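The opening residue of the sequence shown carries number 80 in the numbering used here; numbering runs sequentially from there.
Note that CB positions come from ideal geometry on N, CA and C, so glycine has one too.
The structure displayed is predicted, hence computed values, not measured ones.
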Amino acid sequence: MPESSSFDSRTASRVDDYIRALFVPPDAALERGLSDAVAAGLPEIQVSPNEGKLLYLLARIAGARRILEVGTLGGYSTAWLARALPPGGRLVSLELEPRHARVARRNLERCGLARRVVIRVGPAAESMRDMIRRRLRPFDLIFLDADKESYSEYLDLAVRLARPGSLILADNVIRNGRVVDGAPPEAADRAIREFNAALAAHPRLDSLILPVFRNKLDGLSVSIVT
Ligand code: SAH
Ligand code: DHB
Ligand code: MG
């Protein structure tokens with residue numbers, strides 16, 4: 080069956096727009112950040128406005144004071160998460176590409192969030208291992224959104240950087256439904272399928288995947304560390 084007949088993406092887009100019009104008011108600083116990221120040649124693969132609002136709400140609900148993000152891009156999800164922090168709260172965001180980090184820093188500066196955010200450039204797994212070695216205080220919320228092939232590795236490292244009660248979130252875990260197939264041809268899809276199975280089987284995590292819509296059907300996993 081072709082994907083288009085199994086999922087009515089036009090209706091889903093209208094519903095997504097409807098929800099955004101109700102709950103996500105236009106935001107000049109965030110929108111300028113997105114247009115600057117496009118002008119700088121960054122890919123437009125940030126979370127949707129509605130998913131950004133969801134990240135913000137989850138961070139507020141969790142009372143997160145320390146947040147770790149894996150995959151910064153132009154800082155769009157970073158800004159949503161950082162806005163959820165109370166005074167004195169901190170966000171560390173890990174990014175491989177120096178160019179992405181530069182765009183993100185400028186965007187966060189414009190949003191008035193630069194003082195709460197540290198962007199660390201380099202391979203995220205190395206930065207996470209370094210933070211584990213340095214025995215950093217645990218993070219209250221960890222958001223995974225970098226290279227999909229490394230998600231299972233990031234999950235193990237994230238659990239070690241968390242405490243009981245911390246939230247671990249991961250973007251792009253449905254991949255327009257491709258993860259439902261036993262052996263999807265794309266390596267990233269297979270990696271996410273393995274990640275989802277690892278989440279479900281993890282002895283220290285209680286989890287679910289929320290389907291989210293952003294042009295295509297995708298998903299956000301939500302886990303609490305037990
Ligand atoms: N969270 C962002 C989107 C992130 S896109 C948002 O929603 O606004 C994924 C990002 O992960 C890209 O910027 C990419 O450069 C980065 N990335 C890819 N591989 C990485 C790695 N090994 N370590 C750290 N970041 C990586
Ligand atoms: C894509 C989307 C994402 O949210 C991401 O983190 C990476 C890639 C994509 O649509 O290709
Ligand atoms: Mg993503």
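Whole angstroms are fine: how far does the CA of residue j sit from the CA of residue i?
| i | j | result |
| --- | --- | --- |
| phenylalanine 292 | aspartate 95 | 7 angstroms |
| asparagine 129 | serine 156 | 11 angstroms |
| arginine 254 | aspartate 268 | 7 angstroms |
| aspartate 209 | proline 202 | 11 angstroms |
| isoleucine 146 | phenylalanine 218 | 6 angstroms |
| glycine 191 | proline 105 | 17 angstroms |
| arginine 89 | tyrosine 97 | 12 angstroms |
| asparagine 294 | proline 243 | 35 angstroms |
| serine 245 | isoleucine 303 | 6 angstroms |
| leucine 160 | alanine 138 | 7 angstroms |
| valine 259 | lysine 227 | 16 angstroms |
| serine 83 | alanine 262 | Residue confidence for serine 83 is low, a pLDDT of 46 falling below 50, so the modelled location carries little weight and cannot support an answer. |
| arginine 140 | valine 238 | First, the amino acid is wrong: residue 140 is isoleucine here, not arginine. Their backbone Cα atoms lie some 20 angstroms apart in a straight line. |
| arginine 195 | arginine 144 | 10 angstroms |
| glycine 168 | glycine 142 | 10 angstroms |
Is residue i near ligand 3, in the sense that its beta carbon is under 7 angstroms from a heavy atom of that ligand?
| i | result |
| --- | --- |
| aspartate 268 | no |
| valine 149 | no |
| aspartate 250 | yes |
| valine 126 | yes |
Tell me which same chain residues have a C-beta within less than 6 angstroms of the C-beta of residue i, skipping the five on either side of it?
| i | result |
| --- | --- |
| valine 252 | Ile271, Asn275, Ile288, Gly298, Ser300 |
| tyrosine 233 | Val149, Leu223 |
| alanine 225 | Val149, Gly150, Ala203 |
| arginine 189 | Ala108 |
| valine 197 | Val171 |
Determine the DSSP secondary structure at residue i, reduced to helix, strand or coil.
| i | result |
| --- | --- |
| aspartate 95 | helix |
| aspartate 115 | helix |
| leucine 101 | helix |
| glycine 131 | helix |
| aspartate 297 | strand |
| aspartate 358 | Any property of residue 358 remains undetermined from this structure, which presents the chain solely from 80 to 305. |
| isoleucine 124 | coil |
| arginine 199 | strand |
| proline 290 | strand |
| leucine 175 | coil |
| leucine 170 | strand |
So is the beta-carbon of residue i under 7 angstroms away from any non-hydrogen atom of ligand 1?
| i | result |
| --- | --- |
| histidine 281 | no |
| proline 177 | no |
Whose C-beta lies closer than 8 angstroms to the C-beta of residue i among residues of the same chain, with five residues either side of it excluded?
| i | result |
| --- | --- |
| leucine 240 | Leu147, Met207, Met210, Ile211, Leu215, Pro217, Phe218, Ile221 |
| glycine 153 | Gly112, Leu113, Asp115, Ala116, Ala119, Leu121, Gln125, His179, Val182, Ala183, Asn186 |
| tyrosine 248 | The displayed chain sequence assigns leucine, not tyrosine, to residue 248. Excluding residues within five positions, the ones whose Cβ falls inside 8 angstroms are Leu134, Leu137, Leu220, Ile221, Phe222, Leu223, Leu299, Ser300, Val301, Ser302. |
With hydrogens ignored, establish whether the beta-carbon of residue i is closer than 7 angstroms to any heavy atom of ligand 2.
| i | result |
| --- | --- |
| aspartate 224 | yes |
Within the stretch 221-277, ranges of the alpha helix (DSSP H) (whole runs, at least 4 residues): If we require 4 residues or more, the alpha helix (DSSP H) runs fully inside the stretch 221-277 come out as 230-239.
Every unbroken alpha helix (DSSP H) inside the stretch 139-168 [4 residues or more]: As far as the stretch 139-168 is concerned, its whole alpha helix (DSSP H) runs of at least 4 residues are 155-162.
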